[in-house]
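Engineer: Sharing a structure below in structure tokens format, with a few things to ask.
Numbering (mature numbering (1 follows the signal peptide of the UniProt record, and there is no 0)), first residue to last: -22 to -1, 1 to 317.
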């Protein structure tokens, strides 16, 4: 994992042109000997991503076709379908020193960042029933304390308005082992759609709050802490079902709300929350001998919000109605390896 940290930092540095907005100043020889990375690195991002096909091969294939990643048609609400670029994104990259989180170029993490924005900016209001005395949210308890040597990547809005995003996928389908990579979906269509389509016409958009990634210096763990919302529509073709969906946090005992007044209008939204540890673990390869092997560990410390499933239809029949889940909370541990 230390190698991962070095690779992530080197990649980030290599991606920054000489005119990048990194806060740097000249140092004398003594200072240079005692200090590196004076105030971290800032990268501003604008991107459009289009992928014709993603193919996973086991024996046969799982194909993901016509993928687009960009922005939302309505940036203030994160709705209206995928449109334009993913932009207004700033990445703050820091390696903490002896002062821990105080070495992060003034960027607080998670709920503390939202509390600070509401405190310091007249146009921002943030409320969260889960906010604790130190400014963090109660469901962020799995967030590691930032210590000397930890790599911290903060994903923020450049303008202060939540980042709008959009993701669309044409189809997720199955294909036989003899199919041609790069033409899996094309061959499915030529064959009259005879291959099973799991999902089609997935289009989801939303808004991103603060996202923080911490790779710890002394453990094999990467922690991801994210505030976000998403809404969209999809078809689950293989079961003949389609529905609209929305993940937010407006209802129930656990709620939050963000308002940002801008010259173009007011953002009025709420965020679901997710916190995940990603690292390595061991699993038993032979229970008779007790032999073990290494595997990928995905530990979901918290996934919480309200989930709406609307306009649920099956086949060509009229909608059967809507389903609303309030105060949804999930924690789970997963070990992933090949067999």
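The beta-carbon is built from N, C-alpha and C at its ideal position, and this holds for glycine as well.
Any contact between the region 254 to 271 and the region 156 to 168? By contact I mean 3 or more CB pairs, one from each, below 8 Å.
Structural biologist: no
Engineer: Sort out for me which residues DSSP pairs residue 50 with in a bridge.
Structural biologist: 60
Engineer: Quick one, are the C-beta atoms of residue 132 and residue 178 less than 8 Å apart?
Structural biologist: no
Engineer: Based on the DSSP output, what are the partners of residue 320 in its beta bridges?
Structural biologist: The first residue shown for the chain is -22 and the last is 317, placing residue 320 beyond what the model contains.
Engineer: From what residue to what residue does the alpha helix (DSSP H) around residue 164 run?
Structural biologist: 162 to 168
Engineer: Pull up the distance between the alpha-carbon of residue 60 and that of residue 215, whole angstroms please.
Structural biologist: 21 Å
Engineer: Could you tell me the boundaries of the alpha helix (DSSP H) in which residue 93 lies?
Structural biologist: Note, residue 93: alpha helix (DSSP H), 88 to 98.
Engineer: Helix, strand or coil, according to DSSP, for residue 215 in the structure here?
Structural biologist: Looking at residue 215 - three-state DSSP - the assignment turns out to be helix.
Engineer: Residue 85 by DSSP, collapsed to three states: which one?
Structural biologist: Here residue 85 sits in coil by DSSP.
Engineer: For residue 228 and residue 286, what's the separation of their Cα atoms in angstroms?
Structural biologist: 11 Å
Engineer: Measure the C-alpha to C-alpha separation of residue 62 and residue 27 and round it to an integer number of angstroms.
Structural biologist: About 10 Å.
Engineer: Are the Cβ atoms of residue 153 and residue 38 separated by less than 8 Å?
Structural biologist: Taking 8 Å as the cut-off, the Cβ atoms of residue 153 and residue 38 count as close.
Engineer: Under the rule that 16 or more other beta-carbon atoms within 10 Å means buried, what is residue 35, buried or exposed?
Structural biologist: So residue 35 ends up on the exposed side.
Engineer: Determine the burial state of residue 77: buried for a count of at least 16 other Cβ atoms within 10 Å of its Cβ, exposed for fewer.
Structural biologist: exposed
Engineer: Take the Cβ of residue 66 as the centre, count every other Cβ of all protein chains shown within 10 Å, and call the residue buried at 16 or more, exposed below.
Structural biologist: buried
Engineer: DSSP three-state label for residue 119, please.
Structural biologist: coil
Engineer: Candidates 242, 232, 176 and 193: which alpha carbon is nearest residue 218's?
Structural biologist: 176
Engineer: For the beta strand (DSSP E) that contains residue 271, what are its first and last residues?
Structural biologist: 269 to 292
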